[in-house]
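Asker: Here the numbering used here is used: the first residue of the sequence shown is 1, the next is one more, and so on. Built from N, CA and C at the ideal position, the CB exists for glycine as well. Nothing here was measured: the structure is a model prediction, and the numbers come from that model.
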Amino acid sequence: MKPTAVHLHLHYTERCPEIRQYLQHMGSHPYRLYVTLTQQNARLEQEIKNFQPQSVVWQAENRGYDIGPFVEFLHKADLSRYDLVLKIHTKSKSGLQKTWINGRCVTKKRWVNLLMNALLGSAEIWRQNLAAFEQNPGLGMLSSRYLITSEPECSEYLRPQVAAILQKMGLSVPAEITFAAGTMFLARANLFEKAKTAFAAGDFPKTDSTVQDGTLAHAFERAFGCMVTAQGYDIKGFDKNRWFENQAKFQRVFNFFYSNDITSSNHQIIKVCKIPVYYRKVN
């Protein structure tokens with residue numbers, strides 16, 4: 001097997017020691033580390049070089065969250081030298097924001113942990129992931145099984161943007177959009193050649209912290225999955241997290257007895273045993 005190209009977008013630099021621990025699980029498997037920073041940091045760059053002397057480190061313009069720098073990486077790397085591309089980034093763990101995906105409630109911290117542990121949670125997990133690609137020629141992308149989704153509510157509102165992205169690559173949008181939510185994955189390097197020739201980092205607007213969803217980067221998150229399935233490959237996850245699965249079961253039971261939600265019409269509604277007991281307009 002050829003070496004693996006690892007792209008790490010290191011926006012939250014305080015998480016660098018944690019990422020190094022994960023990367024150590026790759027053991028003796030050969031890889032080339034490509035690191036993008038959003039601010040100049042000579043000390044951190046030297047630390048990365050000390051950890052992985054062959055690393056390529058550069059400051060990327062803060063465009064498209066982690067997606068713009070990844071497209072920039074695609075232009076820097078000679079993908080023909082690699083069998084696989086590992087895409088990871090320092091997604092924030094802070095805040096109380098929660099997302100429902102595949103019927104489960106996922107916090108920011110849990111989201112990051114699920115993705116990183118599925119890819120690099122241990123030396124054994126990393127070896128199993130490599131073996132999965134060697135043994136299954138139809139496997140195109142691997143991520144956390146809990147965050148691979150085909151839910152229409154996660155993608156249909158972005159279908160026109162996703163279609164435009166794929167059209168530029170000469171691909172069609174599959175009837176069902178399946179993607180790895182959070183854009184951390186291990187995938188076959190050759191699947192990104194079309195993206196490399198069709199897009200540049202400058203195509204993405206500068207990242208605005210006030211924007212929550214619907215940007216070109218969010219459309220690309222879905223498009224990466226479509227690139228895999230449209231080229232005849234599968235997206236799979238093999239991780240098992242019993243605590244997370246049990247927590248999800250408990251959450252469903254709890255939600256039967258009590259729920260406090262904001263509706264699409266911007267109303268707060270509290271239910272007890274599925275019976276509405278409080279309803280008000282939220283300003």
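Can you tell me where the beta strand (DSSP E) with residue 50 in it begins and where it stops?
Answerer: Run containing residue 50: none in the beta strand (DSSP E); it sits in the alpha helix (DSSP H), 42 to 51.
Asker: Which value, in whole angstroms, describes the spacing of the CA atoms of residue 268 and residue 279?
Answerer: Residue 268 and residue 279: Cα-Cα distance of roughly 6 Å.
Asker: Let me confirm a value: residue 218 is counted as buried when at least 16 other C-beta atoms fall within 10 Å, else exposed. Which label applies?
Answerer: It counts as buried.
Asker: Would you list the one or two residues that DSSP bridges to residue 275?
Answerer: BP columns for residue 275 point to 272.
Asker: Quick check on this structure: which residue in 171, 184, 180, 259 has the alpha carbon closest to the alpha carbon of residue 193?
Answerer: Looking at the Cα atoms, 171 is the closest of the given residues.
Asker: Between the alpha carbons of residue 60 and residue 135, how many angstroms are there, rounded?
Answerer: Their Cα atoms are separated by approximately 36 Å.
Asker: Could you check where the beta strand (DSSP E) with residue 141 kicks off and where it finishes?
Answerer: That run of the beta strand (DSSP E) goes 139 to 142.
Asker: For residue 258, which three-state DSSP category applies?
Answerer: Strand at residue 258.
Asker: Taking just the CA atoms, how far does residue 32 sit from residue 1?
Answerer: Whole-angstrom Cα-Cα distance: 14 Å.
Asker: Going by DSSP, what residue range makes up the beta strand (DSSP E) through residue 5?
Answerer: Start and end: 4 to 9.
Asker: Thinking C-alpha only, which one of 177, 142, 72 is nearest residue 159?
Answerer: Comparing Cα positions, the closest option is 177.
Asker: Buried or exposed: where does residue 188 fall if 16 or more other Cβ atoms within 10 Å of its Cβ makes it buried?
Answerer: Burial call: buried.
Asker: Judging by CA-CA distance, which residue of 128, 115, 223, 182 is the nearest neighbour of residue 168?
Answerer: It is 223.
Asker: Tell me the rounded alpha-carbon separation between residue 15 and residue 276.
Answerer: Rounded to whole angstroms, residue 15 to residue 276 spans 43 Å at the Cα level.
Asker: How would you call residue 100, buried or exposed, if buried means at least 16 neighbouring beta carbons within 10 angstroms?
Answerer: Looking at its Cβ environment, which holds fewer than 16 other Cβ atoms inside 10 Å, residue 100 is exposed.
Asker: Here's the rule I'm using: 16 or more other beta-carbon atoms within 10 Å means buried, otherwise exposed. How should residue 77 be labelled?
Answerer: Buried, since its Cβ has 16 or more Cβ neighbours within 10 Å.
Asker: State the DSSP-derived secondary structure class of residue 229, mapped to helix, strand or coil.
Answerer: Note: residue 229 maps to helix in three-state DSSP.
Asker: Residue range of the beta strand (DSSP E) that residue 88 falls in?
Answerer: First-last of the beta strand (DSSP E) with residue 88: 84 to 89.
Asker: What residue ranges within the stretch 153 to 209 form continuous alpha helix (DSSP H) runs of no fewer than 4 residues, ordered along the chain?
Answerer: Counting whole runs of 4 or more residues, the stretch 153 to 209 contains the alpha helix (DSSP H) stretches 159 to 169, 193 to 198.
Asker: State whether the stretch 131 to 147 contacts the stretch 99 to 113, with contact taken as three or more CB pairs (one from each stretch) at a distance under 8 Å.
Answerer: The stretch 131 to 147 vs the stretch 99 to 113: in contact.
Asker: Under the rule that 16 or more other beta-carbon atoms within 10 Å means buried, what is residue 197, buried or exposed?
Answerer: Exposed: under 16 other Cβ atoms inside 10 Å.
Asker: Which two residues bound the contiguous alpha helix (DSSP H) that contains residue 81?
Answerer: First-last for residue 81: undefined, no H or E at that position.
Asker: Per DSSP, residue 267 is paired with what?
Answerer: 281, per the DSSP bridge assignment.
Asker: Please determine, among 233, 63, 91, the residue with the shortest C-alpha to C-alpha distance to residue 133.
Answerer: Nearest of 233, 63, 91 to residue 133, Cα basis: 233.
Asker: Counting only the same chain and skipping the five closest in sequence on each side, list residues whose C-beta sits under 8 Å from that of residue 28.
Answerer: No residues qualify anywhere along the chain.
Asker: Considering only DSSP beta bridges, list what residue 59 is partnered with.
Answerer: Paired residues: 37.
Asker: Name the DSSP bridge partner or partners of residue 101?
Answerer: BP columns for residue 101 point to 104.
Asker: What is the residue span of the beta strand (DSSP E) that residue 76 lies within?
Answerer: Looking at the DSSP string, residue 76 is not in any beta strand (DSSP E); the run it does join, the alpha helix (DSSP H), is 67 to 76.
Asker: Looking at residue 11 and residue 90, is the spacing between their C-beta atoms short of 8 Å?
Answerer: Against a cut-off of 8 Å, the Cβ pair of residue 11 and residue 90 comes out as a contact.
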